[in-house]
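Please read the structure below before turning to the comments.
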Amino acid sequence: DAGITQSPRHKVTETGTPVTLRCHQTENHRYMYWYRQDPGHGLRLIHYSYGVKDTDKGEVSDGYSVSRSKTEDFLLTLESATSSQTSVYFCAIKAGVDSPLHFGNGTRLTVT
Amino acid sequence: KNQVEQSPQSLIILEGKNCTLQCNYTVSPFSNLRWYKQDTGRGPVSLTIMTFSENTKSNGRYTATLDADTKQSSLHITASQLSDSASYICVVSHMDSNYQLIWGAGTKLIIKP
């Protein structure tokens, strides 16, 4: 899976609690992305990074923050989880602008 | 509005049969179009990329076509196998932004023995 690992793979949490998802890559790729996938929707971009400490918002960034202090790690934090954030979260990496995305196997998050 | 629509939403065929999945887009200006395959419980994997000047491209039993004039693409699967059971997602890249990818909702394909 192109050297990309997401953790945890599954998580159940309560409304109002903070949650951090981790994406770790061993490919030394510059670009990293966080997506969420919900039934009936295409993948939706939450945040992305184009280098260490360089991040930007995607189309559904409200309620999420990210950090990238090292090339290999990209963290996604739900500041105060809500039921609408129940979803499958995918991290992806990309070597260059025209390269394909390589995805991790996702984190299934349930907010009760 | 930039959109990607895929049809059918789901499809069931018998092993060994052929099928064609459709992708229509309204993204402009267009940069490229990719097809991804997503197995259940896994992340999507790129199958092929189509640029503006390409009409047809094959990757084994998968053949993608692109008609940039009508803004349509198709993915044809020949001699289907059980391992082809997956969701197939069409993604269009917007030329003005290398980060803006417009994702279709996917076609769920089930191959029955």
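These protein sequences, in sequence, are chains A and B.
Position one of the first sequence corresponds to residue 3 (the working numbering), numbered consecutively onward.
Position one of the second sequence corresponds to residue 7 (the working numbering), numbered consecutively onward.
Note that CB positions come from ideal geometry on N, CA and C, so glycine has one too.
In the three-state reduction of the DSSP assignment, residue 90 of chain B falls in the helix class, which pools H, G and I. Per the coordinates, the alpha-carbon of residue 56 of chain B lies some 16 Å from the alpha-carbon of residue 106 of chain B. Listed along chain A, the residues sitting closer than 7 Å to residue 109 of chain B by beta-carbon distance are 44 and 45. The beta carbons of residue 32 of chain A and residue 52 of chain A sit about 6 Å from each other, so the pair counts as a contact at 8 Å.
Judged by DSSP secondary structure, residue 118 of chain B falls within the beta strand (DSSP E) whose first and last residues are 113-118. Under the Cβ criterion (8 Å, minimum of three pairs), the segment 20-28 of chain A does not count as touching the segment 87-102 of chain B. In summary, residue 48 of chain A is buried, with 16 or more beta-carbon neighbours lying within 10 Å of its beta-carbon over all protein chains present. By the beta-carbon neighbour count (other beta carbons within 10 angstroms, threshold 16), residue 78 of chain A is buried. The Cβ of residue 50 of chain B sits closer than 7 Å to at least one Cβ of chain A.
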